[in-house]
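For reference, the structure discussed in these notes is given below.
Numbering (my numbering), first residue to last: 13 to 204.
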């Protein structure tokens with residue numbers, strides 16, 4: 013059991029990185045990766061939301077949707093769960109960490125529509141993960157998102173000091189950098 017959980021942990025965070033190999037969650041990945049502090053805050057918020065969404069969605073799926081044979085409602089139910097969790101995170105940050113709330117701006121409510129969050133809930137169902145495996149998968153996926161966004165933010169902070177050709181300034185160089193990161197993360201595919 014521990015070995016299976018470790019495989020899920022490494023696989024979801026590095027090998028099948030949600031951003032760099034599945035290309036889910038690109039909007040906040042590209043939008044909030046200008047500063048490492050903001051990227052870290054977004055990463056923590058995503059870890060919290062995805063982990064909690066994995067728990068709640070797993071429990072709802074196993075104890076409500078499956079027994080009543082209404083699994084066809086899973087997408088709608090998962091979206092509602094995610095929206096409620098994001099609202100909770102937004103209210104918490106607004107009250108207790110207003111600077112992070114302000115720096116995340118529009119990208120915080122976008123976690124609701126972040127396809128990575130919904131993708132994890134649906135992946136847990138597709139792979140028939142139990143609640144524990146689903147939580148580990150959700151946590152690991154969110155950690156992988158955080159790793160990717162913080163690395164990109166660190167690179168973007170250093171790129172400010174580089175001489176970049178005019179046609180590559182702004183988003184083009186960020187996309188090239190993200191592509192190179194995706195290629196680098198392909199190196200983890202031999203781990204499992």
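Using N, Cα and C, we set each Cβ at its ideal position, and we do this for glycine too.
Quantities reported herein were computed from a predicted structural model and do not represent experimental measurements.
Please state whether DSSP places residue i in a helix, a strand or coil.
{"i": "residue 149", "result": "helix"}
{"i": "residue 114", "result": "helix"}
{"i": "residue 16", "result": "helix"}
{"i": "residue 191", "result": "helix"}
{"i": "residue 34", "result": "coil"}
{"i": "residue 178", "result": "helix"}
{"i": "residue 124", "result": "coil"}
{"i": "residue 78", "result": "coil"}
{"i": "residue 173", "result": "coil"}
Can you tell which of the options has its C-alpha closest to the C-alpha of residue i?
{"i": "residue 18", "options": "32, 184, 166, 147", "result": "147"}
{"i": "residue 161", "options": "200, 110, 184, 35", "result": "35"}
{"i": "residue 130", "options": "201, 89, 20, 28", "result": "89"}
{"i": "residue 33", "options": "138, 128, 139", "result": "128"}
{"i": "residue 31", "options": "159, 182, 108", "result": "159"}
{"i": "residue 114", "options": "78, 182, 49", "result": "49"}
{"i": "residue 104", "options": "138, 53, 139", "result": "53"}
{"i": "residue 63", "options": "16, 101, 14", "result": "101"}
Is it buried or exposed, residue i, if we count other Cβ atoms within 10 angstroms and call 16 or more buried?
{"i": "residue 174", "result": "exposed"}
{"i": "residue 199", "result": "exposed"}
{"i": "residue 120", "result": "buried"}
{"i": "residue 179", "result": "exposed"}
{"i": "residue 111", "result": "exposed"}
{"i": "residue 204", "result": "exposed"}
{"i": "residue 76", "result": "exposed"}
{"i": "residue 202", "result": "exposed"}
{"i": "residue 108", "result": "exposed"}
For residue i and residue j, which I take to be in contact (beta-carbon distance under 8 angstroms), what is that distance rounded to the nearest angstrom?
{"i": "residue 26", "j": "residue 197", "result": "7 angstroms"}
{"i": "residue 185", "j": "residue 195", "result": "Going by Cβ atoms, the distance from residue 185 to residue 195 rounds to 16 angstroms, so no, they are not a contact pair."}
{"i": "residue 37", "j": "residue 126", "result": "5 angstroms"}
{"i": "residue 143", "j": "residue 71", "result": "6 angstroms"}
{"i": "residue 123", "j": "residue 98", "result": "5 angstroms"}
{"i": "residue 22", "j": "residue 145", "result": "Contact doesn't hold; Cβ gap of about 14 angstroms is too wide."}
Give a yes or no on whether 9 angstroms exceeds the smallest Cβ distance from residue i to chain D.
{"i": "residue 146", "result": "The structure shown has no chain D; it contains just one protein chain."}
Would you say the region 187-194 touches the region 27-47, given that touching needs at least three Cβ pairs under 8 angstroms? yes
Should the region 90-110 be regarded as contacting the region 166-173, the criterion being three or more beta carbon pairs within less than 8 angstroms? no
So, do the region 145-164 and the region 77-85 have three or more beta carbon pairs nearer to each other than 8 angstroms? Three or more Cβ pairs closer than 8 angstroms define a contact, and the region 145-164 falls short of that threshold against the region 77-85.
Assess, as a yes-or-no matter, whether the region 134-146 is touched by the region 52-60 under the definition of 3 or more beta carbon pairs within less than 8 angstroms. no
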